[in-house]
Amino acid sequence: MAPLTVLVLSGTGPAGICLLRELLYRKHKVTVKGDLTDEAALDRAVAKVNVVISLLGSLITDRTSPPNSIPDFYKDSLFPAMRRHGVKRIFIMGALTITRKEDAFTILQPSINFMVRTAFSNAYRAITTIGKTFENEAKNLDWTQFRISAIPGEPDKESWMKDREDGKVFVGYVGEKGYTYSIPRSLLTRWPVDSAEEWPARLGAQGTSGCQAVR
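Heads up: the sequence shown begins at 1 in full-length UniProt numbering, then just goes up one per residue.
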């Protein structure tokens with residue numbers, strides 16, 4: 001297939017580095033965007049890409065940033081730019097605090113939600129509002145949210161190369177058969193690249209999925 005041109009949002013952390021390694025390893029073209037306030041630069045970046053992969057999220061310990069800052073960026077800046085330039089596909093990272101009616105019951109998910117909501121309320125509001133923003137505002141966009149919990153692993157080249165082959169990725173809802181709470185960071189970031197390469201051929205449906213390793 002022809003190389004994709006991918007806009008990566010928040011590509012400087014460990015997961016972002018693993019994602020960039022994966023994209024460049026496969027000879028895809030990459031644009032990395034970190035500044036969320038420069039709408040003109042964002043518009044120019046979106047105009048050149050086929051797919052967006054966003055690792056944006058609130059640090060769980062962040063008690064000061066407005067919880068709506070990232071959701072508002074999606075709604076007011078990114079979504080309009082994608083629509084202007086005909087970019088349909090976006091993958092976004094989320095967390096278990098984003099729940100879906102299709103999720104099966106597990107002990108850990110409500111426990112995590114209670115802990116985060118109680119001890120880290122600012123981050124909880126930010127994360128859950130991102131989920132609601134895609135549900136309500138991402139009309140006519142093909143989006144998939146991969147919800148994570150533990151993502152062990154290092155971003156150095158040797159660890160990335162080893163971990164990207166460490167198992168398979170579960171795609172579905174939390175608590176379904178095959179779901180686990182931990183997935184190697186490099187394997188996780190391989191998954192949206194696999195899916196982006198497959199997307200033009202099968203045009204996946206909108207939705208939210210919990211993605212974890214199947215051992």
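Using N, Cα and C, we set each Cβ at its ideal position, and we do this for glycine too.
If you keep only unbroken beta strand (DSSP E) runs of at least 3 residues inside the UniProt domain "NAD(P)-binding" (28-157), you get 29-33, 51-54, 89-95, 142-148. As computed with DSSP, VAL8 is found in a beta bridge with VAL32, ILE53. By a beta-carbon distance limit of 8 Å, ALA123 does not contact ASP38. Their separation comes to about 25 Å. DSSP places ILE17 in the uninterrupted alpha helix (DSSP H) bounded by 14-25. Between the region 16-35 and the region 82-97, the count of Cβ pairs shorter than 8 Å is below three; the stretches do not touch. Under the criterion of beta carbons closer than 8 Å, VAL49 and THR5 qualify as touching, at roughly 5 Å. By the criterion of a C-beta distance shorter than 7 Å, ALA126 is surrounded in its chain by SER58, PRO67, ILE70, once the five residues flanking it on both sides are discounted.
Nearest Cα to ALA196 within the set PRO80, SER54, ASP76: SER54. A straight-line Cα-Cα distance of about 16 Å links ARG89 and ASP43.
The beta carbons of PRO155 and CYS18 sit about 5 Å from each other, so the pair counts as a contact at 8 Å. By the CB criterion at 8 Å, SER10 and LEU56 fall inside the cutoff. Each residue's CA atom was taken as its position, placing GLU158 and ARG164 some 10 Å apart. The shortest CA-to-CA distance from GLY153 to any of ALA138, ARG185, VAL169, VAL171 is the one to ARG185.
Distance from the Cα of ALA47 is smallest, within the candidate group ALA15, LYS168, LEU24, ARG84, for ARG84. Looking at the DSSP output, SER182 sits in a beta bridge with ALA150.
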